[in-house]
């Protein structure tokens, strides 16, 4: 089974959002859901570097940086590295269902800007165990994530 | 009983190691977080903590752990390689994979019980070379460069008692490993000394009106139209102009897949099959390990009847560079 | 002046002289000669052209000449007896002759050829892979450790010395700082690739045959049509690499002539000049004039400019991208 595509009407709605509130919402969610399992990583080489996640099918741009205490939304549109993919592909990457290199070969993932920074983040995230990450999520969330992954695998 | 077609899988991280172990690898290979191994990419590889946990996990499931120390130590930082060998010896690593004779001498002298494998980066393509390392350092296994045809491999096997390991699947080096300086010519860093070809700091991808461009230290490796599959940013897989013709002058973006030759490899007594890809994600390792476990089990059960299952091949093509595969040099006309 | 001088007459290869690299000023030429060698011919030329080249080379002011096919076993216009005959002639002309072995050994017939080359015993042999080292060491013959043996550290170099290497050629990518830090065993000479298109990679695949849509086993010897290789340009029309059968070379020409003082300070005894199809004799003359102090190092690039088949580069020596060039 594949993950469902992002519903079209919702996509159109999202595309109208300015990036600052979207970045803020993304960062808030990220700090709540993902940060507990990421805080242990060594972010020292990355602190303050500016990331842009471009969700191509939604026309959505998220700008943020990472610091010792979590993600921080950024207001201006300059980024050191930009990741571009569809919402579904980002979701599949996050759930460990897809290999980033495979997406890259198929032109479904693009890393522009500081490649080394992009690879470092990719490899650091790969080194986080999904089970551990899920366990660190707010009540119920982790279970939903693992369930989604199981569904998509079979 | 001598080893036969052991499945040796890549691990660039702890989750990748667990994916290999859980999906049927007989051995995993890994490296430390520095230039002592040939997949020195930012954020990849193992530190003391993940190494200990990885060894514990793999050994708990009777899976071997091999450590690649397969770059060439340099005078200013020699101690780093020595230390890495010591770490391997004291942490319970089952074998270390080395390319440099000087480092082999060190390992032999200081840790005589540590099992040594000759890395593909050692560029040994003849039994004379393999036997040199055997006599001198007691290596027990050699990984052959991806440049020999199967009959040539057979000739090596016949003339040595060193176990032979071959690449089964993954990124394809077109050049003899350990003898390729294309990367350092363009950007200053080569696999031999830096531990990576086309390191991230020198690579730039950019979407332009003409297509997606891949550059290495400014040198245009290739430019892809929207519908074209891409390859790694390595010089050997780029498109160049030779006498007015622009084409993949060295090799297309493609991966090695030797699965259809498994029965022949079994007949030759190949000790192990290596899967390339420590730079890749746990998802890749899980998928590829699963497919190759099934294939090797099928060959061991019935060599004569073995045929690669089309579903396996499709699965492997999906994760291949450019979504294509080749038999490479194992099949002579490739040369 | 052209006769090979004994190693004993060289500046002492002491740690001290090597580490003095940074302190070396524009001191002009030093006592003790740095020598010149003509590296093995990396291309495939007709028999006549090859013989004519070496006939001329016999008169050039080089001290050593490396002979033999190092790239492709299918190149057989000259076979071992021809090379040996040439070796005798060049020896008679006062040159030290070294027989270079094939870099990529694939088949039993490659090994057979290698064994014959080693067994002859009349000439020094350059080992270009470890199988050749094994055979030479078994025979107890002194040898030259070629650039593809990948000696990147003192331990490996010491091992080569123990096995019988009397000279070594560092990997072409070795920077000056690394070379200066190599503790070269007593009595072992250092020869550095100092001029020519850089041999960068070896493959089982023949890229010249591929260019002509031919299989390697039926390559029709198209290398003969490209006496200095086939240039690979980027899609932005920059000359980048050179296809030479199974070998890939740089398109630029490594030239360290303007860095002679640094080479001497790093303990280089012999400068290797790699053959090109035209104007090679004049290249040798420029280097000889440089060693003799007849021209200044700073004047060398201009003299060599018109003689080179491509743009110059010296990046490897500086620890940068090999293709970089910094005229001092």
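Residue numbers (this note's numbering), protein chains in the order written: chain A, 1 to 154; chain B, 1 to 335; chain C, 1 to 328.
Beta carbons: idealized from backbone N, C-alpha and C, even for Gly.
Predicted model only: the values in this text are computed from it and were never measured.
Three or more pairs of CB atoms, one per stretch, sit closer than 8 Å, so the segment 240-254 of chain C contacts the segment 65-79 of chain C. Shown here for residue 236 (chain B): same chain residues with a beta carbon closer than 6 Å to its own, the five before and five after excluded, namely 174, 250 and 251 in chain order. Just measuring C-alpha positions, the residue of A:52, A:95 and A:69 sitting nearest residue 80 (chain A) is A:52. When C-alpha distances from residue 325 (chain C) are compared across C:192, C:313, C:317 and C:193, the shortest belongs to C:313.
The beta carbon of residue 323 (chain C) sits closer than 9 Å to some beta carbon of chain B. Counting C-beta pairs with one atom in each stretch, the segment 94-109 of chain A and the segment 179-191 of chain B have fewer than three that are closer than 8 Å, which means they do not touch. Bounds of any alpha helix (DSSP H) do not take in residue 172 (chain C), whose DSSP letter is neither H nor E.
The Cβ neighbour count for residue 54 (chain A), taken over all protein chains shown within 10 Å, is at least 16; the residue is labelled buried. Within the segment 125-140 of chain A, the residues whose Cβ lies closer than 8 Å to any Cβ of chain B are, in chain order, 126, 127, 128, 129 and 130. Around residue 73 (chain A), the same chain offers 23, 24, 27 and 64 as residues with beta carbons nearer than 6 Å, after the five sequence neighbours per side are excluded.
Against chain C, a Cβ distance below 8 Å from residue 209 (chain B) picks out nothing, because the smallest value is about 15 Å. If only uninterrupted alpha helix (DSSP H) runs of at least 4 residues are considered, those enclosed by the segment 55-141 of chain C are 80-92, 108-120 and 130-139.
For residue 227 (chain C) and residue 45 (chain C), the gap between their C-alpha atoms comes out near 6 Å. With contact defined as three or more Cβ pairs closer than 8 Å, the segment 108-116 of chain C and the segment 102-120 of chain B are not in contact. For residue 67 (chain B), none of the residues of chain A pass the 9 Å Cβ criterion, the least Cβ distance being about 17 Å. Contact with chain A is found for residue 14 (chain B), since one of that chain's Cβ atoms lies less than 9 Å from the residue's Cβ.
Between residue 26 (chain B) and residue 55 (chain B), the C-beta spacing is not below 9 Å.
With fewer than 16 neighbouring CB atoms inside 10 Å of its own CB, residue 187 (chain C) falls in the exposed class. In the DSSP assignment, residue 60 (chain B) falls within the unbroken alpha helix (DSSP H) covering 48-60. About 18 Å separates the CB atoms of residue 97 (chain B) and residue 78 (chain B); that is not less than 8 Å, and the two are not in contact.
Residue 83 (chain B) has its alpha-carbon roughly 29 Å from the corresponding atom of residue 134 (chain C). Under the three-state reduction of DSSP output, residue 323 (chain B) falls in the helix class. Look at residue 167 (chain C): its C-beta is not under 9 Å from any C-beta on chain B.
Contact residues of the segment 190-203 of chain C toward chain B are 198, 199, 200, 201, 202 and 203 (C-beta to C-beta distance below 9 Å).
Contact check for residue 268 (chain C) against residue 307 (chain C) fails: the beta carbons are separated by 9 Å or more. Note on residue 15 (chain B): 16 or more other CB atoms within 10 angstroms of its CB, so buried under the neighbour-count rule. Ranking B:234, B:117 and B:87 by CA distance to the CA of residue 47 (chain B) puts B:87 first. Ranked by Cα distance from residue 196 (chain B), the first of A:93, A:151, A:116 and A:145 is A:116. Of the residues assessed, residue 156 (chain B) falls on the buried side of the cut-off, its CB having 16 or more other CB atoms within 10 angstroms. Secondary structure of residue 136 (chain B) (DSSP, three-state): helix. Taking the Cα of residue 119 (chain A) as reference, the smallest distance to any Cα among B:285, B:267, B:281 and B:334 is reached at B:281. Boundaries cannot be given for residue 260 (chain B), as no alpha helix (DSSP H) includes it and DSSP labels it neither H nor E. Each of A:71, A:59 and A:87 was checked against the Cα of residue 48 (chain A), and the nearest Cα belongs to A:71. Chain B places a beta carbon closer than 9 Å to that of residue 231 (chain C), counting this residue as a contact. Around residue 112 (chain A), the beta-carbon contacts reaching into chain B at under 7 Å are 205, 206 and 207. Note that the segment 164-183 of chain C touches the segment 139-147 of chain C; at least 3 beta-carbon pairs, one per stretch, sit closer than 8 Å.
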